[in-house]
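Residue numbers (the UniProt record's numbering): 1 to 163.
This is the structure we're talking about:
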């Protein structure tokens, strides 16, 4: 076997392996493993029927839907994560790049939840590990801008007038 490998230059062997003309030893093992699998043979014990849940789990995993489904479950079950009282005053509004943005009814709720951020993030990671949430941002309610018209001047910024 070593004699065969010495006859073909290394560059040519690499070229043939990359082109798929000569499979590598690893590909040969993988191919052999697939053909020897009893599940692919008809009338063997490996051909037992599978449950719908198992089939759907395999489908979602192979299609790459684990993370989007976990994110949707997180939004749908926000009351379980944050608690029923807190969920009545908050709602998740965005989830991008690992940051969950939660809108609160008042700035007081936003401040209290900022203090509880570590606990809520721990709950999310434990209950929904596939969601990919790494941080949480709590924001207060939308407030209208009182600045409008041609004579509006820059002021000291928005104030907490609602909440």
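Cβ atoms here follow ideal geometry from the backbone N, Cα and C, with glycine treated the same way.
For residue i, which option in the options has the closest C-alpha, if you only look at C-alpha atoms?
i: residue 83; options: 14, 10, 113 and 50; result: 113
i: residue 123; options: 140, 77 and 89; result: 77
i: residue 141; options: 91, 127 and 130; result: 91
i: residue 121; options: 150, 111, 136 and 108; result: 136
i: residue 67; options: 98, 108, 13 and 155; result: 98
Give me the DSSP bridge partner(s) of residue i.
i: residue 100; result: 95 and 136
i: residue 90; result: 104
Assuming residue i and residue j are in contact, meaning their beta carbons sit under 8 Å apart, how far apart are those beta carbons, in whole angstroms?
i: residue 95; j: residue 125; result: Going by Cβ atoms, the distance from residue 95 to residue 125 rounds to 14 Å, so no, they are not a contact pair.
i: residue 79; j: residue 87; result: 4 Å
i: residue 60; j: residue 69; result: 6 Å
i: residue 138; j: residue 102; result: 5 Å
Counting C-beta neighbours from all protein chains within 10 Å, is the total for residue i 16 or more, i.e. buried, or is it exposed?
i: residue 115; result: exposed
i: residue 5; result: With a pLDDT of 44 at residue 5, under the threshold of 50, the modelled position of this residue cannot be trusted, and the question is left open.
i: residue 153; result: exposed
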